[in-house]
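**Student:** Right, I'll just put the structure down here and ask away after.
Chains as they are written, first to last, in this note's numbering: chain A, 98 to 509; chain Z, 8 to 462.
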């Protein structure tokens, strides 16, 4: 058998053996994991290990040195690998900055491809939803219901309605993400109010589609890539030069896509767009005391996709913004940068783990005298809000975008 | 948005955080950049100053004795550098005073922290490890103090393990401890071993140190443990109880005190391998000290490059996963660590310094930019002479400024500290955290002076 022939023969057996060669990007991730020195620092920091113990979730070190090392046996890791919330704490504390969150995605993608029966059912449901609607949630069927829900939310938060600009030519795209599009519509409306208040010309997509993060996290690489290229196509059509989001997950995921595929389109979270492009002078003048609202003590929660997957600077900017608002006092929680448990789609199949992870945050928040929690991510907001409410706490949670919009003075 | 700070410190371990705290205490603004958790966090949590002479097998009685030996035999050892001044040769006394100042300062800083340290330069403490062996060290955390089980006539030392915690086997530790005591003909009258049950998540297998420590930080968990220890201690008549270092991340000191009161014996923690809880406690205590002094700790940021104008660094570029910032500064301390920390990179084509492109040298101060790292390792993994690759690094002037091939410092305002320095092998000398502390202390002071010159 010649060399060429042997190569052909071996590659033809791969499918049968359920082995999928690494792509170039995947090889990079594998190289990153090869850097692991097995020191175990990650084990002392992983929020899931802290919440449920290494007996249940063997932790980042185990993923790096054991679970990720044998491609054909990835599916034996199913009970563990789906419990990672992808918060990136391990990657940040690791002396070698091993990219654990990405190797987890890669392993999940192989399990989905060769042993979809081992993928938790909850994830299949999300996958079906995304494939059908291009959104992470089933949209409200009736447009009127959606409008009604939006108006109720606006009334509840005391926000005015701003007309959505047409898909006209503006170089700035405001991208709300699935949560703000379908569920927390107040976040999308608040962002429109803020952009309008500072006279930023912006445009929005008429057919919002998911950024692809949930697909990436469950290992559905193909759909993630399809959604990314779909977004890119729309960006090109509209000649977009800059994307502004209000969701931490979208910021990091679209940012990753822009970086990986050389889009040359910066992806900014609204927080940094405000501090860097609008400027603190303009911001300080625009804030006012909200009508009928007293002095408020808040604490912040740092979304993992901002601080660990993008940059910790973003939360410093969020604090800078809060500092500019009159009558707002920030109390720092000791667990501010700890994962809320809502990441990695864990809550879709192992709610107990997700709840155990968020407990750390809830306890730290309860120790403070803060009345509200503010966080620049609608997904963290929902996760914290639900769990605080269920634990019987009276502390309320606001998305930072809404919190800001409520405290802006009128134009002019 | 770009940042500004009087001093930028690259690296957030012992050297970097000490330098940063010193700078803040001098009234300057500082930023510590940290890309990953440091070797301090990986350490046993005891601070060695100097334990052995390279190739030596008998430990120094005291760090002072060791410093004198180093100052006379190794004039370019990072400690010996303190003896230089105005071109005069090393004076051991000057070295001792210099190290004493740094050690005294740190003891004072950590006295109310979770990692309160005890000890001093007058004697080395022979600290027990989880293998039942001893190691000479200068400063240990209060929870590791084992008050003289070796000297008391009627003492019984109990090695107490935790069922399902795989890092520590009490029986094996007791056995190797006994073998060692027989050779040295000293030690307690009796040695015993036993295990207790702690199950943070309801299971008693495959438990990690951090799980147990976090569990014991809660009051009720300790309450469950106390009767078990008391029963074992009473049965065996133990006077000293050696536990693996699991007494808590936040409340280890309080827990130890409570156990001692309850069981009526001296309780202490052993030294352990990484990742060890006392190392984590030390790292946290240092971070807290730095933050309290007013410094800014920038986690998840890696120094990418630095910009020089004339003979001074004016800014450092730092990168996070998807953003990058420029920090304007008046002085820079490089405490980037060695090979694991990423400050030095060894490859087939030589040894390079990764951030400032500084000159690297071997332990004998020969330029190392084209050495083969392989040639600087010993064929024996454990060798009292060590692997000379570990004594490679940067060479510095008496102000701790890295020196370039022309013999001049790379810049007027760049200082280096910690394991990135050449001329010492922390593995054989047992001097890692000590050199980090002392060099960080003086590099910080000198950087503060350099920053003040600018105004």
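Note that CB positions come from ideal geometry on N, CA and C, so glycine has one too.
1) To the nearest angstrom, how far is it from the Cα of residue 100 of chain A to the Cα of residue 332 of chain Z?
2) List, in chain order, every chain Z residue whose beta-carbon is nearer than 7 angstroms to that of residue 192 of chain A.
3) Tell me which same chain residues have a C-beta within less than 7 angstroms of the C-beta of residue 243 of chain A, skipping the five on either side of it?
4) Exposed or buried, which one is residue 289 of chain A when buried takes at least 16 other CB atoms within 10 Å?
5) Is the shortest distance between the beta-carbon of residue 134 of chain A and the beta-carbons of chain Z less than 8 angstroms?
6) What residue range does the alpha helix (DSSP H) around residue 205 of chain Z cover?
7) Could you confirm whether any beta carbon from chain A is found closer than 8 angstroms to the beta carbon of residue 7 of chain Z?
8) My assumption, with CB atoms under 8 angstroms, is that residue 156 of chain Z sits in contact with residue 246 of chain Z. Please give the rounded CB distance.
9) Hey, how far is the Cα of residue 491 of chain A from the Cα of residue 485 of chain A?
10) By how many angstroms is the C-alpha of residue 181 of chain A removed from the C-alpha of residue 221 of chain A?
11) Go ahead and pull the three-state DSSP assignment for residue 138 of chain Z.
12) Pull up the distance between the alpha-carbon of residue 362 of chain Z and that of residue 18 of chain Z, whole angstroms please.
13) Is residue 276 of chain A close to chain Z? Criterion is C-beta to C-beta, closer than 8 angstroms.
14) Give me the Cβ distance between residue 335 of chain A and residue 264 of chain A, rounded to the nearest whole Å; I'm assuming they're in contact under 8 angstroms.
15) When you compare only the Cα positions, how much space is there between residue 367 of chain A and residue 381 of chain A?
16) Say whether the segment 490-508 of chain A touches the segment 9-23 of chain Z, bearing in mind that this needs 3 or more beta-carbon pairs closer than 8 angstroms, one atom from each stretch.
17) Going straight from the alpha carbon of residue 248 of chain Z to that of residue 126 of chain Z, what length do you get?
18) Give the straight-line distance between the Cα atoms of residue 306 of chain A and residue 275 of chain A, rounded to the nearest whole angstrom.
19) Since residue 126 of chain Z is in the beta strand (DSSP E), which residue starts that stretch and which ends it?
20) Please specify which runs of the alpha helix (DSSP H), each continuous and at least 4 residues long, are wholly inside the segment 61-117 of chain Z, giving them in chain order.
21) Quick one: give me the first and last residue of the beta strand (DSSP E) that residue 13 of chain Z is part of.
22) Tell me the DSSP secondary structure of residue 405 of chain A in three-state form.
23) Output needed for residue 310 of chain A: all residues of its chain with C-beta closer than 6 angstroms, excluding positions within five of it in sequence on either side, in chain order.
24) When the distance is taken between beta carbons, is residue 268 of chain A closer than 8 angstroms to residue 379 of chain A?
25) First and last residue of the alpha helix (DSSP H) that includes residue 166 of chain Z?
26) Give the single residue among Z:320, Z:299, Z:114 whose Cα lies nearest to the Cα of residue 461 of chain Z.
27) Exposed or buried, what is residue 225 of chain Z when buried is set at 16 or more other beta-carbons lying within 10 Å of its beta-carbon?
28) So if I threshold CB-CB distances at 8 angstroms, which residues from the segment 402-416 of chain A count as touching chain Z?
29) For a cutoff of 8 angstroms on Cβ pairs, would you count residue 287 of chain Z as touching chain A?
30) 8 angstroms is my cut-off, CB to CB: does residue 291 of chain A come that close to chain Z?
31) Say whether chain Z places a C-beta atom closer than 8 angstroms to the C-beta of residue 125 of chain A.
32) Would you kindly report the start and end of the unbroken beta strand (DSSP E) that includes residue 422 of chain Z?
33) Could you check whether residue 195 of chain A and residue 124 of chain A sit closer than 8 angstroms to each other, using their CB atoms as the reference points?
34) Mind listing which residues of the segment 188-202 of chain Z have their C-beta closer than 9 angstroms to chain A's C-betas, in chain order?
35) Give me the Cβ distance between residue 278 of chain Z and residue 135 of chain Z, rounded to the nearest whole Å; I'm assuming they're in contact under 8 angstroms.
36) Got a sec: which bits of the segment 326-343 of chain Z sit with their beta carbon under 9 angstroms from any beta carbon on chain A, in order along the chain?
**Tutor:** Reading from the atomic positions:
1) Counting from 1 along the first chain, the entry for residue 100 of chain A is found at position 3. Counting from 1 along the second chain, the entry for residue 332 of chain Z is found at position 325. Rounded to the nearest angstrom, the two C-alpha atoms are 51 angstroms apart.
2) Counting from one through the first chain, the residue named residue 192 of chain A turns up at place 95. Near residue 192 of chain A (Cβ distances below 7 angstroms), the residues of chain Z are 43, 44, 347, 348.
3) Residue numbering aside, residue 243 of chain A sits at position 146 when the first chain is read from its first letter. Taken in chain order, the residues that qualify are 237.
4) By one-based count along the first chain, residue 289 of chain A stands at place 192. By the neighbour-count rule (16 or more Cβ atoms within 10 Å), residue 289 of chain A is buried.
5) Position 37 of the first chain holds residue 134 of chain A. So, interface residue.
6) Within the second chain, numbered from 1, the residue matching residue 205 of chain Z stands at position 198. No alpha helix (DSSP H) holds residue 205 of chain Z; DSSP gives it neither H nor E.
7) There is simply no residue 7 of chain Z to check, as chain Z begins at 8 and stops at 462 in what is shown.
8) What you label residue 156 of chain Z is simply residue 149 of the second chain in a count that begins at 1. What you label residue 246 of chain Z is simply residue 239 of the second chain in a count that begins at 1. Sure, about 7 angstroms apart at Cβ, within 8 angstroms.
9) Here the question's residue 491 of chain A lines up with position 394 in the first chain. Here the question's residue 485 of chain A lines up with position 388 in the first chain. Each residue's alpha carbon lies about 8 angstroms from the other.
10) Stepping through the first chain from its first residue, residue 221 of chain A is reached at position 124. Stepping through the first chain from its first residue, residue 181 of chain A is reached at position 84. In this structure, the straight-line span from the alpha carbon of residue 221 of chain A to that of residue 181 of chain A is close to 17 angstroms.
11) Your numbering for residue 138 of chain Z matches position 131 in the second chain. Residue 138 of chain Z falls in the coil class under three-state DSSP.
12) Within the second chain, residue 362 of chain Z is the residue found at index 355, counting from 1. Within the second chain, residue 18 of chain Z is the residue found at index 11, counting from 1. Answer to the nearest angstrom: the Cα atoms are 11 angstroms apart.
13) Along the first chain, read from residue 1 onward, the residue named residue 276 of chain A stands at position 179. Not closer than 8 angstroms to any Cβ of chain Z, the Cβ of residue 276 of chain A fails to qualify, so no.
14) Within the first chain, numbered from 1, the residue matching residue 335 of chain A stands at position 238. Within the first chain, numbered from 1, the residue matching residue 264 of chain A stands at position 167. Their Cβ separation, rounded to whole angstroms, is 6 angstroms, which keeps residue 335 of chain A and residue 264 of chain A in contact under 8 angstroms.
15) For the purposes of this step, residue 367 of chain A is identified with residue 270 of the first chain, where counting begins at 1. For the purposes of this step, residue 381 of chain A is identified with residue 284 of the first chain, where counting begins at 1. Approximately 16 angstroms, taken between the alpha carbons.
16) no
17) Here residue 248 of chain Z refers to the residue found at position 241 of the second chain. Here residue 126 of chain Z refers to the residue found at position 119 of the second chain. Looking at the two C-alpha atoms, the distance is approximately 20 angstroms.
18) Counting from 1 along the first chain, the entry for residue 306 of chain A is found at position 209. Counting from 1 along the first chain, the entry for residue 275 of chain A is found at position 178. Those two C-alpha atoms are separated by around 7 angstroms.
19) Numbered from 1 along the second chain, position 119 holds the residue referred to as residue 126 of chain Z. That run of the beta strand (DSSP E) goes 124-126.
20) 70-80, 99-116
21) Within the second chain, residue 13 of chain Z is the residue found at index 6, counting from 1. Run containing residue 13 of chain Z: 10-17, per the beta strand (DSSP E) assignment.
22) One-based indexing of the first chain puts residue 405 of chain A at position 308. Correct three-state label for residue 405 of chain A: coil.
23) Translated into positions along the first chain, residue 310 of chain A becomes position 213. Taken in chain order, the residues that qualify are 346, 350.
24) Position 282 of the first chain holds residue 379 of chain A. Position 171 of the first chain holds residue 268 of chain A. For residue 379 of chain A and residue 268 of chain A, no; Cβs fall outside 8 angstroms.
25) Within the second chain, numbered from 1, the residue matching residue 166 of chain Z stands at position 159. Run containing residue 166 of chain Z: none in the alpha helix (DSSP H); it sits in the beta strand (DSSP E), 163-169.
26) The sequence position of residue 461 of chain Z within the second chain is 454, counting from 1. Of the listed residues, the one whose Cα sits closest to residue 461 of chain Z is Z:320.
27) The sequence position of residue 225 of chain Z within the second chain is 218, counting from 1. That one is exposed.
28) Listed by position, the residues of the segment 402-416 of chain A near chain Z (Cβ gap below 8 angstroms) are 404, 405, 406, 407, 408, 409, 410, 411, 414.
29) Reading the second chain from its first residue, position 280 is the one you call residue 287 of chain Z. Residue 287 of chain Z counts as touching chain A.
30) Locating residue 291 of chain A in the first chain gives position 194, where the first residue counts as 1. With 8 angstroms as the cut-off, residue 291 of chain A does not count as an interface residue toward chain Z.
31) To locate residue 125 of chain A, count along the first chain from 1; it is residue 28. With 8 angstroms as the cut-off, residue 125 of chain A does not count as an interface residue toward chain Z.
32) Within the second chain, the letter at position 415 stands for residue 422 of chain Z. Per DSSP, residue 422 of chain Z belongs to the beta strand (DSSP E) from 421-423.
33) Position 27 of the first chain, counted from the first residue, corresponds to residue 124 of chain A. Position 98 of the first chain, counted from the first residue, corresponds to residue 195 of chain A. Result no, Cβ atoms of residue 124 of chain A and residue 195 of chain A do not sit closer than 8 angstroms.
34) none
35) Here residue 278 of chain Z refers to the residue found at position 271 of the second chain. Here residue 135 of chain Z refers to the residue found at position 128 of the second chain. In this structure residue 278 of chain Z is in contact with residue 135 of chain Z, their Cβ atoms being roughly 7 angstroms apart against a cut-off of 8 angstroms.
36) Listed by position, the residues of the segment 326-343 of chain Z near chain A (Cβ gap below 9 angstroms) are 326, 327, 328, 329, 330, 331, 332.
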